[in-house]
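Structure first, then comments.
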């Protein structure tokens with residue numbers, strides 16, 4: 017995944033299979049197209065625009081308006097406390 021330093025230096029993010037290397041501005045995106053930002057700022061921001069399946073599309077949920085490729089890039093392991101939360105909840109129940 018690209019770092020903040022990469023973004024500041026203009027290094028391009030990884031492209032999804034089926035994505036558009038140039039990207040599309042938000043106003044040109046159709047329903048179920050990936051909204052992962054590739055480059056630009058404000059209204060000039062370009063997005064991936066790869067197709068997102070109906071089953072994967074859930075705007076408002078973290079990463080659910082991204083294609084599978086970009087969603088995998090954004091999903092992390094979480095902090096130690098986040099990883100331990102299920103065990104803590106089991107003890108409290």
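In the numbering used here, the protein residues as written are 17 to 109. We put the beta carbon where it would ideally sit given N, CA and C, even for glycine. Since this is a predicted model, take the numbers as computed values, not measurements.
CA-to-CA distance, residue 66 to residue 17, given in whole angstroms
To locate residue 17, count along the chain shown from 1; it is residue 1. To locate residue 66, count along the chain shown from 1; it is residue 50. Unreliable placement is indicated for residue 17, whose pLDDT of 49 sits below 50; no coordinate value is reported for it.
Can you grab the Cα-Cα spacing for the pair residue 105 / residue 53, in whole Å?
For the purposes of this step, residue 105 is taken as the residue at position 89 of the chain shown. For the purposes of this step, residue 53 is taken as the residue at position 37 of the chain shown. Straight-line Cα distance between these residues: approximately 35 angstroms.
In its own chain, which residues sit with a C-beta less than 8 angstroms from the C-beta of residue 48, not counting the 5 before and 5 after it?
The residue given as residue 48 occupies position 32 in the chain shown. The residues are 67, 68, 69, 70 and 73.
Let me check understanding here. Comparing Cα to Cα, which of 93, 42, 94 and 75 lies closest to residue 64?
Sequence index remark: in the chain shown, residue 64 carries index 48 (1-based). Closest in alpha carbon position to residue 64, among 93, 42, 94 and 75, is 42.
Collapsed DSSP secondary structure at residue 52 in the structure displayed
Position 36 of the chain shown, counted from the start, is the residue given in the question as residue 52. For residue 52, the secondary structure class from DSSP, reduced to helix, strand or coil, is coil.
Under 8 angstroms by Cβ, that's how I've got residue 32 and residue 86 pegged, so tell me the actual separation to the nearest angstrom.
Here residue 32 refers to the residue found at position 16 when the chain shown is read from its first residue. Here residue 86 refers to the residue found at position 70 when the chain shown is read from its first residue. Cβ-Cβ separation between residue 32 and residue 86: approximately 6 angstroms, consistent with a contact (criterion under 8 angstroms).
Straight-line gap, residue 55 to residue 82 (C-alpha atoms, nearest Å)
For this step, residue 55 is matched to residue 39 along the chain shown. For this step, residue 82 is matched to residue 66 along the chain shown. If I take the Cα positions, the gap works out to 15 angstroms.
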